[in-house]
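Colleague: In the UniProt record's numbering, the protein residues as written are 1 to 602. Here it is, the structure, as structure tokens.
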Amino acid sequence: MKKGVKEIFFYLTVVAIIVGIVYYVTVNSNVSQDYTYESFVEDLKEGQIENVAIKQNKEIPTGKLTITYKNDDVKSLFVPDVNKVVDDLAKAKDTKYVVKDVSRDSIFLTDILPLIIILATGIFFFFMINGSMGGGANSKMANFGRSRARLVNDTKNINFEKVAGLEEEKEELAEIVDFLKDPKKYIEIGARIPKGVILTGPPGTGKTLLGKAVAGEAGVPFYIISGSDFVEMFVGVGASRVRDLFAEAKKNSPAIVFIDEIDAVARRRGTGMGGGHDEREQTLNQLLVEMDGFSANEGIIVMAATNRIDILDPAILRPGRFDRKVTVGRPDVKGREAILNVHAKNKPLGDDVKLDEVARITAGFTGADLENLLNEAAILAAKDKRKYIIQKDINKAMIKVGIGTERKSRIISDEEKKITAYHEMGHAILFHLLPNVGPVHTVSIIPTGMGAAGYTMPLPAKDEMFLTRGKMIDEIMVDLGGRIAEELVLDDITTGASQDIKQATATAKAMVTKYGMSEKLGLINYNDDSDDVFIGRDLAHSKAYGENTATAIDEEVRGIVSKCYNDAKNIITENIDVLHKGAQLLLEKEKINQEEFEALFA
Numbered sequence: 001m002k003k004g005v006k007e008i009f010f011y012l013t014v015v016a017i018i019v020g021i022v023y024y025v026t027v028n029s030n031v032s033q034d035y036t037y038e039s040f041v042e043d044l045k046e047g048q049i050e051n052v053a054i055k056q057n058k059e060i061p062t063g064k065l066t067i068t069y070k071n072d073d074v075k076s077l078f079v080p081d082v083n084k085v086v087d088d089l090a091k092a093k094d095t096k097y098v099v100k101d102v103s104r105d106s107i108f109l110t111d112i113l114p115l116i117i118i119l120a121t122g123i124f125f126f127f128m129i130n131g132s133m134g135g136g137a138n139s140k141m142a143n144f145g146r147s148r149a150r151l152v153n154d155t156k157n158i159n160f161e162k163v164a165g166l167e168e169e170k171e172e173l174a175e176i177v178d179f180l181k182d183p184k185k186y187i188e189i190g191a192r193i194p195k196g197v198i199l200t201g202p203p204g205t206g207k208t209l210l211g212k213a214v215a216g217e218a219g220v221p222f223y224i225i226s227g228s229d230f231v232e233m234f235v236g237v238g239a240s241r242v243r244d245l246f247a248e249a250k251k252n253s254p255a256i257v258f259i260d261e262i263d264a265v266a267r268r269r270g271t272g273m274g275g276g277h278d279e280r281e282q283t284l285n286q287l288l289v290e291m292d293g294f295s296a297n298e299g300i301i302v303m304a305a306t307n308r309i310d311i312l313d314p315a316i317l318r319p320g321r322f323d324r325k326v327t328v329g330r331p332d333v334k335g336r337e338a339i340l341n342v343h344a345k346n347k348p349l350g351d352d353v354k355l356d357e358v359a360r361i362t363a364g365f366t367g368a369d370l371e372n373l374l375n376e377a378a379i380l381a382a383k384d385k386r387k388y389i390i391q392k393d394i395n396k397a398m399i400k401v402g403i404g405t406e407r408k409s410r411i412i413s414d415e416e417k418k419i420t421a422y423h424e425m426g427h428a429i430l431f432h433l434l435p436n437v438g439p440v441h442t443v444s445i446i447p448t449g450m451g452a453a454g455y456t457m458p459l460p461a462k463d464e465m466f467l468t469r470g471k472m473i474d475e476i477m478v479d480l481g482g483r484i485a486e487e488l489v490l491d492d493i494t495t496g497a498s499q500d501i502k503q504a505t506a507t508a509k510a511m512v513t514k515y516g517m518s519e520k521l522g523l524i525n526y527n528d529d530s531d532d533v534f535i536g537r538d539l540a541h542s543k544a545y546g547e548n549t550a551t552a553i554d555e556e557v558r559g560i561v562s563k564c565y566n567d568a569k570n571i572i573t574e575n576i577d578v579l580h581k582g583a584q585l586l587l588e589k590e591k592i593n594q595e596e597f598e599a600l601f602a
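Structure follows, in structure tokens:
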């Protein structure tokens, strides 16, 4: 029986017992709590009673009266002396009565035994259900403060060879593996190995996989737990689980304790609303003590993963706790190719599939994204009843993962298709002609699952670590290309460029306020879009600049966008013939590739 079903059955049993007791007491008690023998005698004298049924014991004179009134009201009353009741009834001429003799055992069976059975049944079901849910010494309440960490036993099959595209990160963690294998050589020379390693980076880059690989390389136990598993609504439970986790790890040291999403429990203290002695902070305090407090944790290395290291408490990042910070970034083109090769081992590939080309056009993809890409391609191949993946499957999967599934069955009017064709060609022409973006990989006017009427997919020539001013200017021009094409060709403009305008504005504002790319405002950071999520800090701070500066920022942003608009409009106007030819080609084919698009400029 599942846990949820057990709990429902338990609560239904309790409710049934309570209802049974209430019903029994109600049936076997006086209708009115104020009804006494004196009230009965008075009603008897006034002639209100129709008849009385008396149950008396043979051995003792006690008994129970069931009294029926002339208005059909029925009341019950227990009396210590039945003989006195009979004498009083004999004086009342209009009231009928009957006396039934019952044994003491019969009263026990009819009145007391049912109540005992109800209580005994309730106690039996309580202990039975409580036992099935973990009763006795291992009851749920007893286990409430126990750690929820899971000991992973399959780390022996995971090593650094299984982790592709993270060569520098593996080098940083190699010394942790060496320490776990041979700690003596470090201790003899007086070296202190890091007690904690925190892995930070975007989601899906392989932080948890790296932790498992370290345990697999070292051949030590690997305990994994989520930061949210520590925190409960009851104060003190999280701290108890931290203590239990480290006590369990000490028994099996050397060992690795891996805390995933540690920001759930290790957020910066004293920056929220309300008091500071909540459950999360007590859990964090206990974690700080266990890592570098009064007790020594020899042979235990704590590894943690987060993509929000900026909100962690400074105390947990100091030397002696999380000494090392390993940034797990998005893989470069070589890393992506290595990751693709790992995930393609059990997937048959066609002769036209070139993973190096796929790696080149998937700039910005994480390891999880690449695994999902090949998985979607395999699904598409299986749907086409093929036993191998071809390049067409990967191209479709890339559109599905990055933009959304193409909705070819959606009915679109010819006017809307024309608007979309010119809009996308406006983007594509600028992608092709501007030096810091592009080239174009695909242009389509097929609607996607994410609400776009079409899309233009560029093909980055290389991975870039930094954004240059020229590249940001070109990106703003590309964003505005769709609206410009609509203005040049159509009699009206549409709402289709709303997201493009939003993106262009955000880029221009970042250039002025964040990156110091404005000559008028200089190298000053005016960015007030903090990533902080603490309400208390937001209430205590105000803008770091005045109204005049805010006006100057607006003017600079407007100036950048206006200049980009004019420059982009001149380029598209000079290539108006390409705009018309490309739009017509899109209307005919709905999707064109790089070769077909570049042929328009010939």
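Glycine included, each C-beta is placed from N, C-alpha and C at the ideal position.
Tell me the DSSP secondary structure of I116 in three-state form.
Modeller: Three-state result, I116: helix.
Colleague: Report the partner residues of L312 according to the DSSP bridge assignment.
Modeller: According to DSSP, which records beta bridges pairwise, L312 is partnered with R267.
Colleague: If you draw a straight line from the alpha carbon of K170 to that of L210, how long is it in whole angstroms?
Modeller: Approximately 8 Å, taken between the alpha carbons.
Colleague: Could you have a look at D101 and say whether DSSP puts it in helix, strand or coil?
Modeller: Three-state result, D101: strand.
Colleague: Mind checking which residues open and close the alpha helix (DSSP H) that includes K75?
Modeller: Per DSSP, K75 belongs to no alpha helix (DSSP H); it is in the beta strand (DSSP E), 74–79.
Colleague: For A599, which of helix, strand or coil comes out of DSSP?
Modeller: Residue state, collapsed to three classes: helix.
Colleague: Can you give the beta carbon distance from I572 to A485, rounded, assuming they're within the 8 Å contact cut?
Modeller: Confirmed, about 6 Å.
Colleague: Spell out the partners DSSP gives M303 in its beta bridges.
Modeller: Its beta-bridge partners are V197, F258.
Colleague: At the level of alpha carbons, what is the spacing between N525 and K250?
Modeller: About 48 Å.
Colleague: So, using beta-carbon positions, are E217 and N157 closer together than 9 Å?
Modeller: No, the pair does not count as a contact, with Cβ atoms beyond the cut-off.
Colleague: Please report the Cβ distance between G227 and A266, rounded to the nearest whole angstrom; I am assuming they are in contact, meaning their Cβ atoms lie under 8 Å.
Modeller: So it is a contact: roughly 7 Å between Cβ atoms.
Colleague: Starting from L433, trace the alpha helix (DSSP H) in both directions and tell me its first and last residue.
Modeller: L433 -> alpha helix (DSSP H) spans 414–433.
Colleague: Are the beta-carbon atoms belonging to S444 and L579 less than 9 Å from one another?
Modeller: No. Outside cutoff.
Colleague: Alpha carbon to alpha carbon, how far is K325 from A215? Give it in angstroms, no decimals.
Modeller: Straight-line Cα distance between these residues: approximately 18 Å.
Colleague: How would you call residue 613, buried or exposed, if buried means at least 16 neighbouring beta carbons within 10 angstroms?
Modeller: Nothing about residue 613 can be read from this structure; the chain reaches only from 1 to 602.
Colleague: Buried or exposed: L287, going by 16 or more other Cβ atoms within 10 Å of its Cβ?
Modeller: By the neighbour-count rule (16 or more Cβ atoms within 10 Å), L287 is buried.
Colleague: Nearest to P439 by alpha carbon, out of Q594, T306, A583, L480?
Modeller: Among Q594, T306, A583, L480, the Cα nearest to that of P439 is on Q594.
Colleague: Grouping DSSP H, G and I as helix and E and B as strand, with all else coil, what is S39?
Modeller: The answer is helix: DSSP assigns S39 an H, G or I state.
Colleague: Mind checking which residues open and close the alpha helix (DSSP H) that includes F179?
Modeller: Unbroken alpha helix (DSSP H) run through F179: 167–181.
Colleague: Can you grab the Cα-Cα spacing for the pair A583 / L430, in whole Å?
Modeller: Taking the straight line joining both Cα atoms gives about 14 Å.
Colleague: Can you tell me whether G364 is helix, strand or coil according to DSSP?
Modeller: Here G364 sits in coil by DSSP.
Colleague: For chain C, find out if any of its Cβ atoms is closer than 9 Å to the Cβ of A363; answer yes or no.
Modeller: Looking for chain C here will not work: only one protein chain is present.
Colleague: Return the CA-CA distance between R280 and R269, expressed in angstroms with no decimal places.
Modeller: Roughly 9 Å separates the two Cα atoms.
Colleague: Going by C-alpha to C-alpha distance, which of I473, G350, P314 sits closest to N436?
Modeller: With distances taken between Cα atoms, N436 lies closest to I473.
Colleague: For I292, which residues of its own chain have a beta-carbon under 7 Å away from its beta-carbon, when the five flanking residues on both sides are left out?
Modeller: The question names Ile, but residue 292 in the sequence shown is Asp. Excluding positions up to five away in sequence, the list reads K195, G320, R321.
Colleague: Compare the beta carbon distance of T505 and V561 with 9 Å and say whether it is the shorter of the two.
Modeller: Yes, the pair counts as a contact, with Cβ atoms nearer than the cut-off.
Colleague: Please report how far the alpha carbon of S240 lies from the alpha carbon of L340, in whole angstroms.
Modeller: Distance between the alpha carbons of S240 and L340 is about 43 Å.
Colleague: How many Å lie between G190 and G367 at the Cα?
Modeller: So the alpha carbons of these two residues sit roughly 38 Å apart.
Colleague: Comparing alpha-carbon positions, which option in T36, R336, T200 lies nearest I259?
Modeller: Ranking the options by Cα distance to I259, first place goes to T200.
Colleague: Just curious, the alpha helix (DSSP H) that M477 is in, first and last residue?
Modeller: Looking at the DSSP string, the run of the alpha helix (DSSP H) that includes M477 is 469–489.
Colleague: Report the option in V257, D87, I18, E167 whose CA atom is closest to the CA atom of E290.
Modeller: The option with the nearest alpha carbon to E290 is V257.
Colleague: Have a look at K591 and H423 and give me their C-alpha separation to the nearest angstrom.
Modeller: Whole-angstrom Cα-Cα distance: 14 Å.
Colleague: Assuming V328 is part of the beta strand (DSSP E), what are its boundary residues?
Modeller: Unbroken run through V328: none, as it is neither H nor E.
Colleague: The beta strand (DSSP E) with K63 in it runs from where to where?
Modeller: The identity of residue 63 in the sequence shown is Gly, whereas the question assumes Lys. 63–69 is the extent of the beta strand (DSSP E) around G63.
Colleague: Starting from the C-beta of N252, find all residues in its chain whose C-beta is less than 6 Å away, skip the five residues before and the five after it, and write them out in chain order.
Modeller: For N252, where only same-chain residues beyond five positions count, the Cβ hits under 6 Å are P221.
Colleague: I believe V41 touches G63 by the beta-carbon criterion, under 8 Å. Please report the beta-carbon distance rounded to the nearest angstrom.
Modeller: So it is not a contact: roughly 16 Å between Cβ atoms.
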